[in-house]
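Student: Letter by letter, the sequence shown follows residues 1 to 280 in UniProt numbering.
Every residue gets a Cβ at the ideal spot worked out from N, C-alpha and C, and that includes glycine.
Keep in mind the model is a prediction, meaning the values are calculated, not measured.
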Amino acid sequence: MEKQWTTVIEPKAPLLSIPVREIIKYRELIWTLVKRNYEVQYKQTILGPLWLIFNLIINSGIFSFVFGYVGNFATDGTPYFLFFMTGSVVWDFFANCFTSNTSVLMDNSYLFGKVYFPRLIMPISNILFNAIRNGIKFLVTLCVWLVFYLNGDVAFLSFRIFGIIPLALLAGVMGASLGMIVSCLTIKYRDFTHITGLAITVLMYISPVMYTTAQLPQFVRRFVYLNPMSAIIEGFRYCIIGAGHLNHLALVYSFVFTTVVGVIALVFFNQTEKDFIDII
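#1: Which one of Ala168, Gly71, Phe219, Glu273 has the shortest CA to CA distance from Ser88?
#2: Can you give me the start and stop residues for the alpha helix (DSSP H) that Gly262 sits inside?
#3: Which runs of the alpha helix (DSSP H), 4 residues or longer, sit entirely within the region 182 to 216?
#4: Return yes when the Cβ of Ser254 is within less than 7 Å of the Cβ of Ile233, no when it is not.
#5: Any idea what DSSP makes of Pro19, helix, strand or coil?
#6: When burial is assigned at 16 or more other CB atoms within 10 Å of the CB, is residue 328 buried or exposed?
#7: Below 7 Å between beta carbons: does that hold for Phe65 and Phe73?
#8: Threshold first: 3 residues or longer. Then list the beta strand (DSSP E) segments lying entirely within the region 94 to 125, N to C.
#9: Examine the Cβ distances between the region 115 to 123 and the region 150 to 166 and report whether three or more of them are shorter than 8 Å.
#10: Going straight from the alpha carbon of Val140 to that of Pro123, what length do you get?
#11: Which whole-angstrom value is the C-beta distance of Pro79 and Asp153, which I expect to be below 8 Å?
#12: From what residue to what residue does the alpha helix (DSSP H) around Lys35 run?
#13: Using only the alpha-carbon positions, how far apart do Thr258 and Ala171 sit?
#14: Measuring CA to CA, which of Lys35, Val20, Asn37, Phe54 is closest to Lys137?
#15: Grab me the residues of Phe268's own chain with a C-beta within less than 6 Å of its C-beta, minus the 5 sequence neighbours each way, in chain order.
#16: Between which residues of its own chain and Leu52 is the CB-CB distance below 7 Å, once the five residues before and five after are set aside?
#17: Taking just the CA atoms, how far does Thr86 sit from Phe63?
#18: With DSSP collapsed to three states, give me the class of Ala74.
#19: Among Gln271, Leu111, Gly235, Asn247, which has the Cα closest to the Cα of Trp91?
Next up, the structure:
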């Protein structure tokens, strides 16, 4: 009697394949990995996720003093504390998705070598975990917005608030895709582990997290918009507080960039996962 196998593991697969059915089948594993990430981050801590709130408020306060009070940076009429907070929330989501996936293959190689499951589950679980973390920060941002609204400093929320969903999705996918590419390159070239920290810091300062592009000269503004996160940050801020403007052309560029990087990351990831266990 011929056996009927439920899962067939093959060494060769299309470079652009996404095992959607298998990912759905292993959905419980995704939430298990999310819980594992939570325990790794906050196990044996007294305050747990409250550190997210403290870090957000303290950072916003420091940057408000340095750039808002001392530097007197323009904020399109918005209190700098809220201005910075709205930009940093979506930036942190991008940065966290990037850094958590830059070593996704190396960090989980012990698991990949023992049991089979769709490898894309790892980046997906990292995105979900960072979405939960930054969701907490977003709720804090809404509370801060409410305080300023009751004080008459900002306008009321409108239906534009729903625009943060596709913008956050773009930021998360872009960060995870770039992280996956770096993770694949790190298998052979360990130098990338030293470059990523510097790269994410430099990228933050050329992103309009602490300033608005309206105060920049025209030629500098065009250079800043080459950074695909610039339009996403400004769009995210506009959807919450109505400050600034939406650069539709730059948003299209960000979408195209994310799509291209996502395809490249998928090809790299599928190609690398076939034999990276033998390399490391």
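Tutor: So, to answer that:
#1: Counting from 1 along the sequence shown, the entry for residue 88 is found at position 88. Here the closest residue by C-alpha is Ala168.
#2: Walking along the sequence shown from the start, residue 262 turns up at place 262. Where Gly262 is concerned, the enclosing alpha helix (DSSP H) stretches over 248 to 272.
#3: 192 to 205
#4: For the purposes of this step, residue 233 is taken as residue 233 along the sequence shown, with counting starting at 1. For the purposes of this step, residue 254 is taken as residue 254 along the sequence shown, with counting starting at 1. No, they are not a contact pair.
#5: Along the sequence shown, read from residue 1 onward, the residue named residue 19 stands at position 19. Coil, per DSSP.
#6: The requested residue 328 does not occur in the structure, where the chain is confined to residues 1 to 280.
#7: Translated into positions along the sequence shown, residue 65 becomes position 65. Translated into positions along the sequence shown, residue 73 becomes position 73. No. Outside cutoff.
#8: none
#9: no
#10: Taking the first residue of the sequence shown as 1, we reach residue 140 at position 140. Taking the first residue of the sequence shown as 1, we reach residue 123 at position 123. Roughly 26 Å between the two C-alpha positions.
#11: The residue given as residue 79 occupies position 79 in the sequence shown. The residue given as residue 153 occupies position 153 in the sequence shown. Yes, they are in contact, since the Cβ atoms of Pro79 and Asp153 sit about 5 Å apart, within 8 Å.
#12: As a working mapping, residue 35 is identified with position 35 in the sequence shown. From DSSP, the alpha helix (DSSP H) with Lys35 extends over 27 to 42.
#13: Numbered from 1 along the sequence shown, position 258 holds the residue referred to as residue 258. Numbered from 1 along the sequence shown, position 171 holds the residue referred to as residue 171. Rounded to whole angstroms, Thr258 to Ala171 spans 8 Å at the Cα level.
#14: In the sequence shown, counting from the first residue as 1, residue 137 sits at position 137. Here the closest residue by C-alpha is Phe54.
#15: The residue given as residue 268 occupies position 268 in the sequence shown. For Phe268, where only same-chain residues beyond five positions count, the Cβ hits under 6 Å are Ile181, Cys184.
#16: Within the sequence shown, numbered from 1, the residue matching residue 52 stands at position 52. Arg133, Ile136, Lys137, listed in sequence order.
#17: In the sequence shown, residue 63 corresponds to position 63, counting from 1. In the sequence shown, residue 86 corresponds to position 86, counting from 1. If I take the Cα positions, the gap works out to 13 Å.
#18: Taking the first residue of the sequence shown as position 1, residue 74 is located at position 74. It is coil, neither helix nor strand.
#19: Numbered from 1 along the sequence shown, position 91 holds the residue referred to as residue 91. It is Gly235.
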